[in-house]
Amino acid sequence: MTAQRLLSQGRRLCFAAIAALALAAPLSARDSLGVFSNWGAFRDPGVPRCYAIAQPFESDREGDYRAFASVGTWPRRNVRGQVHLRLSRKLAEDAAITLTVGDRRFELTGGGGDAWARDKAMDAAIVAAMRAAGRMTVTARDSRGRRFSDRYDLTGAATAIDAATVGCARVTS
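Residue numbering for the sequence shown is -24 to -1, 1 to 149, as defined by mature numbering (1 follows the signal peptide of the UniProt record, and there is no 0).
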């Protein structure tokens, strides 16, 4: 297979994975705002919220959960650019969670199978790093004490984040 064909096949698989994520809830709950390479953007008008989302291109082993990374906006809660990672495995108690975006490192907070930035300033710094980097990796220890990593390709992330932000721009309190 040529490199161009492999790339095209990879994009189709990524689109299918993003579509599967979007279809995990009732179809009427979400509006697609677009698919941008490895990332999709969606609006849930019932909440209302908008978000950019992607699955990892690589996880170390079979996980406990279906991993994803998202950047969300909840206009009625005055929340914009909130980073959320659903990890592939259940975290160990008090596990350190490290997100590496390009050459930037962030120590996240979390529990169970989820991780977040510690505050709004960290959310903003992570989103800025995502706009400039090509990849990001979240690393932690699972409930069995094993180290694991979920790796994301950031191609299309900036455009998906922008689409999600614009998708909720006209929602009022």
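Note that beta-carbon positions come from the ideal geometry of N, C-alpha and C, so glycine has one too.
- The Cβ atoms of R6 and G143 lie no closer than 8 Å to each other.
- V114 has L75, D126 as its beta-bridge partners, per DSSP.
- Counting only the Cα atoms, K66 lies some 8 Å from G39.
- Residue pairing from DSSP places C26 in a beta bridge opposite R19, T49.
- Residue nearest to V11 within the set A136, R127, D129 is A136 (criterion: CA-CA distance).
- In the DSSP assignment, T141 falls within the alpha helix (DSSP H) that extends over 133 to 143.
- Closest by C-alpha distance to R81, out of Q31, G89, I102, is I102.
- The beta carbon of M98 sits closer than 7 Å to the beta carbons of F82 from its chain, once the five residues preceding and following it are set aside; these are given in chain order.
- Under DSSP, the beta-bridge partners assigned to A91 are L61, G86.
- Following the DSSP letters along the chain, one finds D99 inside the alpha helix (DSSP H) bounded by residues 96 to 108.
- In the three-state reduction of the DSSP assignment, R42 falls in the coil class.
- Partner residues in a beta bridge of R146, as assigned by DSSP, do not exist.
- By the criterion of a C-beta distance shorter than 6 Å, I73 is surrounded in its chain by L84, G86, A91, A116, once the five residues flanking it on both sides are discounted.
- The continuous stretches of beta strand (DSSP E) do not include G121, and DSSP gives it neither H nor E.
- Straight across, the Cα-Cα distance linking N54 with D95 is about 14 Å.
- R80 is bridged by DSSP to V77.
- Around the CB of Y41, fewer than 16 other CB atoms lie within 10 Å, so the residue is classed as exposed.
- Comparing C-alpha distances from P32 to each of V59, D70, A17, R111 shows the shortest one belongs to R111.
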